[in-house]
Amino acid sequence: MSKSALPLGIGLSSKVTLHFSIALDDETQQELDSTFNGKPGAFIMGDGSLLPGFEKRLLGMQIGETQIFKVPCKEGFGERQDANMQTMKRSDFDDSLELEKGLVLSFAQQDKNELPGVVADFDDDEVHIDFNHPLSGHDLLFKVEIIAVEPNPETEES
1103 MSKSALPLGI GLSSKVTLHF SIALDDETQQ ELDSTFNGKP GAFIMGDGSL
1153 LPGFEKRLLG MQIGETQIFK VPCKEGFGER QDANMQTMKR SDFDDSLELE
1203 KGLVLSFAQQ DKNELPGVVA DFDDDEVHID FNHPLSGHDL LFKVEIIAVE
1253 PNPETEES
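Shown next as structure tokens:
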């Protein structure tokens, strides 16, 4: 059997195409996103675009394989951090802005990038903004179906 005829499992720099769904791993099992009724996702393993805990569980999977697995918050979006809660003066916000709990606002960072923050609470004097990722502190449940696995041509040996 030639080397190319062997089934290719997902490796550290493989190009992967897959269907996935992500849900909260709690009593609600609320589905947050899914590609199963649409276009599959594609990425290169190890490029930093996916959660390390997700990638780790894909290693070795092959075309046609389906798995359901949990990613604990520590390997996902991390624990919620009190340091990511900020209190700002109400006067720092435009008077026309109607604040409400859960409102997502965009804040400009010093490097000109935008950082989303969620209004956690407010009164006439202060606004409490949560800069934690919305999925921090949550264990996640993934379902994946591997559609294609290819070697990454940029890392293939000649």
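Going by our numbering, the first residue of the sequence shown is number 1103, and it counts up by one from there. Glycine included, each C-beta is placed from N, C-alpha and C at the ideal position.
(request) Over the uninterrupted beta strand (DSSP E) stretch that includes F1224, give me the two end residues. (result) Taking the sequence shown and counting its residues from 1, one reaches residue 1224 at position 122. Segment 1216-1224, the beta strand (DSSP E) holding F1224.
(message) Buried or exposed, going by whether 16 or more other CB atoms sit within 10 Å of the CB of D1135?
(response) Position 33 of the sequence shown holds residue 1135. D1135 is classed as exposed because its beta carbon has fewer than 16 other beta carbons within 10 Å across all chains shown.
(request) Between the Cα of V1220 and those of L1114, F1233, M1163, spot the shortest distance and give me the residue it belongs to. (result) For the purposes of this step, residue 1220 is identified with residue 118 of the sequence shown, where counting begins at 1. It is F1233.
(request) Below 7 Å CB to CB, which residues in the same chain sit around V1206 once its five sequence neighbours on both sides are set aside? (result) As a position in the sequence shown, residue 1206 is number 104, starting the count at 1. Cβ within range, chain order: P1218, V1220.
(request) Quick one: residues in its chain with C-beta nearer than 7 Å to the C-beta of Q1211, no 5 flanking neighbours on either side, listed in chain order? (result) What you label residue 1211 is simply residue 109 of the sequence shown in a count that begins at 1. Here the set comprises L1217.
(message) Within 8 Å, do at least three Cβ pairs link the region 1165-1176 to the region 1230-1246?
(response) Taking 8 Å as the limit for Cβ pairs, the verdict is that the region 1165-1176 does touch the region 1230-1246.
(request) Taking only the alpha-carbon atoms, compute the straight-line gap between T1189 and D1223 and give it to the nearest angstrom. (result) Within the sequence shown, residue 1189 is the residue found at index 87, counting from 1. Within the sequence shown, residue 1223 is the residue found at index 121, counting from 1. Distance between the alpha carbons of T1189 and D1223 is about 9 Å.
(request) Starting from K1191, trace the beta strand (DSSP E) both ways and give me its first and last residue. (result) Start at 1 with the first residue of the sequence shown, and residue 1191 comes out as number 89. Residues 1187-1191.
(message) Below 8 Å, how does it come out for the region 1108-1124 and the region 1245-1254: are there three or more Cβ pairs, yes or no?
(response) They touch, by the three-pair rule.
(message) Per DSSP, what are the beta-bridge partners of E1252 in this structure?
(response) For the purposes of this step, residue 1252 is taken as residue 150 along the sequence shown, with counting starting at 1. The partner list for E1252 (beta bridge, DSSP) reads K1117.
(request) Using 10 angstroms around the beta-carbon of D1127, count the other beta-carbons present and answer buried if the total reaches 16, otherwise exposed. (result) Locating residue 1127 in the sequence shown gives position 25, where the first residue counts as 1. With 16 or more other Cβ atoms from the protein chains shown falling within 10 Å of its own Cβ, D1127 counts as buried.
(request) Assuming R1192 contacts D1227 (C-beta within less than 8 Å), just tell me the rounded distance between them. (result) Looking up residue 1192 in the sequence shown gives position 90. Looking up residue 1227 in the sequence shown gives position 125. The Cβ separation is near 5 Å, so the contact holds.
(request) Could you please give the first and the last residue of the uninterrupted alpha helix (DSSP H) stretch that includes F1156? (result) Counted from its first residue, the sequence shown places residue 1156 at position 54. Where F1156 is concerned, the enclosing alpha helix (DSSP H) starts and stops at 1154-1160.
(request) Return yes when the Cβ of E1133 is within less than 8 Å of the Cβ of M1147, no when it is not. (result) Counting from 1 along the sequence shown, the entry for residue 1147 is found at position 45. Counting from 1 along the sequence shown, the entry for residue 1133 is found at position 31. Contact flag unset, no.
(request) Label L1110 either buried or exposed according to how many other C-beta atoms from any shown protein chain fall within 10 Å of its C-beta, with 16 as the threshold for buried. (result) Looking up residue 1110 in the sequence shown gives position 8. Exposed, since its Cβ has fewer than 16 Cβ neighbours within 10 Å.
(request) Please name the residue, chosen from Q1164, G1155, I1165, E1181, that lies closest to F1171 on a Cα-to-Cα basis. (result) Sequence index remark: in the sequence shown, residue 1171 carries index 69 (1-based). Comparing Cα-Cα distances from F1171 to each of Q1164, G1155, I1165, E1181, the minimum goes to G1155.
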